[in-house]
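*Asks:* Could you have a look at this structure, given as structure tokens, before my questions?
Numbering (our numbering), first residue to last: -12 to 346.
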């Protein structure tokens, strides 16, 4: 049986501490966003640059622009070191849907997947012309995202999909890295055959890969849900419960929500040290996030009856003590993104876009 170094707070019920000083650096209402030409009905935060000072969001262009081929748009909200909003820039994309997006290691280029994973675009953030990195062409070998998945990993961009030959014969689903400066099939480097890995797990249903040969995988069998760690060998059990919520992983670390007989828990686990932490054990936890450096976790508690949510965060430097984000308590449900360094959090719920610094 797997043994954990299990850290508990207040006898397995995490004490939510008073909030430290937080800086709500920017708060933009829906009206203010619409004044900038943003479609607040479809706006969603996507990711931050590595320093956390530029937030990238995506929306759908209005009908009159879609008729001219401008279907989707990226919005770049740039902030100063003190959090003040400095600039809002728009980039137009002639692609039916933005299915996945990740930034190159130098933060200069966004790689965007669309057309059900058949097309990858190269989008310079300085406004230079958008170009095609990969697209399906009859009679040419290539790569297709399946499902469309992109995320920055240790200086690379990780994706999932399959390589196909000139006759469109497809291989197994694999992990691959994408060179944002490459072109065509040669821009993709093959990693592990995850189709084989996932088949080794009975009841497999979800994954969050953290590298070409690592990730967390979830299974369900006979009413029990299990989270597993995989690092190139046989997956091993991390945790199990009556129901598994979602999970967000980075490197060897994962933040997840799980439901046991005693109730909902928000959890942190590090596979490199076998360290498990109960972040919270009171309330209904959902939507976990983990910064790319693995040192800041964000979770929410939901009030479904009122369609409200409370947002909390925990930092490794504070011994993973869960604290409320003071400006995001009892707010209408919305979308969250966390900066790679864990310094900033973005929140949007249709009424308000907030950019919050986490101490």
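Note that the Cβ used here is the ideal one computed from N, Cα and C, for glycine as well.
1. From what residue to what residue does the alpha helix (DSSP H) around residue 184 run?
2. Per DSSP, what kind of secondary structure is residue 259 in: helix, strand or coil?
3. What runs of the beta strand (DSSP E), each 3 residues or longer, lie entirely inside the stretch 101 to 180?
4. What three-state label does DSSP hand residue 347 in the structure shown?
5. Looking at residue 33: is its Cβ nearer than 9 Å to the Cβ of residue 25?
6. Report yes if the CB atom of residue 326 is closer than 9 Å to the CB atom of residue 35, and no otherwise.
7. Judging by CA-CA distance, which residue of 343, 226, 204 is the nearest neighbour of residue 181?
8. For residue 245, which beta-bridge partners are listed by DSSP?
9. What residue from 298, 321, 141 has the CA that sits closest to residue 345's CA?
10. Could you give the first and the last residue of the continuous beta strand (DSSP E) run that contains residue 45?
11. Would you mind reading off the limits of the beta strand (DSSP E) that contains residue 207?
12. Assuming residue 61 and residue 90 make a contact with CB atoms under 8 Å, what is their CB distance in whole Å?
13. Taking all protein chains shown into account, decide if residue 232 is buried (16 or more other Cβ within 10 angstroms of its Cβ) or exposed.
14. Indicate the three-state DSSP secondary structure (helix, strand or coil) for residue 344 in the structure shown.
15. Have a look at 137, 139, 136, 151 and flag the residue whose alpha-carbon is nearest the alpha-carbon of residue 126.
16. Tell me which residues share the same chain as residue 39 and place their Cβ nearer than 6 Å to its Cβ, disregarding the 5 neighbours each side in the sequence.
17. By DSSP, does residue 268 sit in helix, in strand, or in coil?
18. Between the C-alpha atoms of residue 100 and residue 85, what's the straight-line distance to the nearest angstrom?
19. Rounded to whole angstroms, what's the CA-CA distance from residue 115 to residue 98? Just pull it up for me.
20. On the DSSP bridge assignment, give the partners of residue 274 in chain order.
21. Check each candidate in 111, 50, 136 and name the one with the smallest Cα separation from residue 88.
22. Evaluate the contact criterion for the stretch 274 to 290 versus the stretch 239 to 259: three or more CB pairs, one atom per stretch, below 8 Å.
23. Residues in the same chain with beta-carbon distance under 8 Å from residue 82, minus the five sequence neighbours each way, listed in chain order, please.
24. Measuring only the C-alpha atoms, how far is residue 347 from residue 279?
25. When we look at the beta-carbon of residue 251 and count the other beta-carbons within 10 Å, is it buried (16 or more) or exposed?
26. So is residue 50 buried or exposed if we call it buried at 16+ other beta carbons inside 10 Å?
27. Classify residue 74: buried if its beta carbon has 16 or more other beta carbons within 10 angstroms, exposed otherwise.
28. Which residues in the same chain have their Cβ closer than 8 Å to the Cβ of residue 161, if we skip the five residues on either side of it in sequence?
29. Looking at C-alpha atoms only, which residue of 27, 52, 55 is the closest neighbour of residue 45?
30. Check the DSSP bridge columns for residue 317 and list the partner residues they point to.
31. Out of 282, 337, 70, 212, which one is the CA nearest neighbour of residue 11?
32. Would you say residue 163 and residue 188 are within 9 Å of each other, going by their C-beta atoms?
33. Quick check: residue 353 and residue 195, are their CB atoms within less than 9 Å of each other?
34. In terms of residues, what are the limits of the beta strand (DSSP E) holding residue 288?
35. Just the C-alpha distance for residue 122 and residue 155, rounded to the nearest angstrom, thanks.
36. What three-state label does DSSP hand residue 218 in the structure shown?
*Replies:* To lay it out plainly:
1. 181 to 186
2. Residue 259: coil per DSSP, three-state reduction.
3. 106 to 111, 118 to 122, 129 to 140, 143 to 151, 161 to 165, 175 to 180
4. Outside the shown range of the chain (-12 to 346) lies residue 347, about which nothing can therefore be said.
5. no
6. yes
7. 204
8. 231, 252
9. 298
10. 41 to 47
11. 201 to 208
12. Not a contact, Cβ separation roughly 11 Å.
13. buried
14. strand
15. 151
16. Within its own chain, the residues whose Cβ lies closer than 6 Å to the Cβ of residue 39, once the five positions on either side in sequence are excluded, are 326, 328, 330, 331, listed in chain order.
17. In the three-state scheme derived from DSSP, where H, G and I count as helix and E and B as strand, residue 268 is classed as coil.
18. 6 Å
19. 14 Å
20. None, per the DSSP bridge assignment.
21. 136
22. yes
23. If the five residues before and after residue 82 are omitted, its C-beta is found closer than 8 Å to the C-beta atoms of 58, 59, 99, 101, 102, 106, 108, all from its own chain and listed in chain order.
24. The question about residue 347 has no answer here: the residues shown for the chain are numbered -12 through 346.
25. buried
26. Around the beta carbon of residue 50, fewer than 16 other beta carbons sit within 10 angstroms, so the residue counts as exposed.
27. By the 10 Å Cβ count, residue 74 comes out exposed.
28. 147, 148, 149, 150, 177, 178, 179, 180, 181, 182
29. 27
30. Its beta-bridge partners do not exist; DSSP assigns none.
31. 70
32. Note that the C-beta distance between residue 163 and residue 188 is not below 9 Å.
33. What the structure shows of the chain is the stretch from -12 to 346, and residue 353 is not part of that stretch, so it cannot be assessed.
34. 283 to 290
35. Straight-line Cα distance between these residues: approximately 13 Å.
36. coil
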